[in-house]
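Numbers in this note's numbering are just positions in the sequence shown, counted from 1, shifted up by 77.
Structure first, then comments.
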Amino acid sequence: MSERKHPVPAVDLIIEIRLPDGRTGIVLIERKNPPHGWALPGGFVDYGETLEQAAIREAREETSLQVELIKQFHTYSDPRRDPRRHTISTVFIARAEGMPEAADDAGKAGVFTREEINFPLAFDHRQILDDYFAWREKHPPEQDRVEPGQITPSSEKGSEQEETLVELTRVWSLAEAEVIKSFLGTNGIYCLLKGQIVHSIYPFTMDGLGETIIMVLQKDLEKARHLLKEYAPSPTED
């Protein structure tokens, strides 16, 4: 029985960067490996990754940029799009600040306006950009909003841009938990509860609480302490 073959999943990114003159440029890389030529940043999805995680990782590895994913654009699946094998690429539109620096399998990296991209591109990236520019004419950048569920650098685990969390207090009793729950729920201060960032403590189960470390964003620490003091029950007089 012959072994079945399957297409390989990949991602590509259209990274928008605002140039000093106000125009929008697109990040392209010059590939070190075959097929050679200029191309959009991208690569194969690793086992255990989501498409969004792969896109953010590939952008960082090839361009040294931390990107914000704006939207999932289109998926391209022509078996001939990659001369090496049959790949299916999901393309993301992203934005970044600064200038790219080539790394990994990118020999060079640059930012080009639409008019400047008048040279051949690898794979089907010319078609991708043609589709993108046609779409952008109807959807200018000011209409952009990040789609729900999209992973951005600030929410990607381990990102250098993630805000610092510091310990506020430890909850030992249901009464203390109610106090923390009250002010966190009312004021929308973020906390770290059992490894997950949540908006309030309310959803978690009180049974068998034990010791729970409550942490808040460092910028909210003093406000949290003040509110906790205000909400805390007054000591009983003897």
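Just so it is clear, CB atoms sit at the ideal spot from N, CA and C, and this is done for glycine as well.
Please decide whether residue i counts as near chain C, where near means a Cβ-Cβ distance under 8 Å.
| i | result |
| --- | --- |
| Glu-193 | Of the chains in the structure shown, none is chain C; there is only one protein chain. |
Does the beta-carbon distance from residue i to residue j come in below 8 Å?
| i | j | result |
| --- | --- | --- |
| Glu-93 | Arg-191 | no |
| Lys-109 | Asp-159 | no |
| Glu-138 | Ala-179 | no |
| Trp-115 | Leu-245 | no |
| Ile-326 | Leu-117 | The shown model of the chain, from 78 to 315, leaves out residue 326, and the question about it has no answer. |
| Leu-142 | Gly-187 | no |
Which residues in the same chain have their Cβ closer than 6 Å to the Cβ of residue i, if we skip the five residues on either side of it in sequence?
| i | result |
| --- | --- |
| Ser-154 | Ile-165 |
| Ile-170 | Ile-91, Ile-147, Lys-148 and Phe-150 |
| Lys-185 | Glu-107 and Ala-179 |
| Arg-81 | none |
For a test of the three-state rule: what should DSSP assign to residue i, helix, strand or coil?
| i | result |
| --- | --- |
| Tyr-124 | coil |
| Phe-189 | strand |
| Ile-194 | coil |
| Asp-89 | strand |
| Phe-169 | strand |
| Arg-213 | helix |
| Ala-179 | coil |
| Leu-206 | helix |
| Arg-100 | coil |
| Glu-80 | coil |
| Arg-302 | helix |
| Glu-219 | helix |
Going along the chain, which residues of its own chain have a beta-carbon closer than 8 Å to the beta-carbon of residue i, five neighbours each way excluded?
| i | result |
| --- | --- |
| Asp-123 | Ala-131 and Arg-134 |
| Phe-210 | Arg-191 |
Rounded to whole angstroms, how far is the Cβ of residue i from the Cβ of residue j, which I believe are closer than 8 Å?
| i | j | result |
| --- | --- | --- |
| Asp-89 | Gly-119 | 3 Å |
| His-202 | Val-85 | His-202 to Val-85, Cβ: 17 Å. No contact. |
| Thr-140 | Pro-177 | 4 Å |
Keeping to the same chain, check which residues put their C-beta closer than 7 Å to that of residue i; ignore five residues upstream and five downstream.
| i | result |
| --- | --- |
| Phe-189 | Gly-102, Ile-103 and Leu-105 |
| Phe-196 | Trp-115 |
message: What ranges does the alpha helix (DSSP H) occupy inside the segment 113-157, keeping only unbroken runs of at least 4 residues that lie completely in it?
response: 128-140
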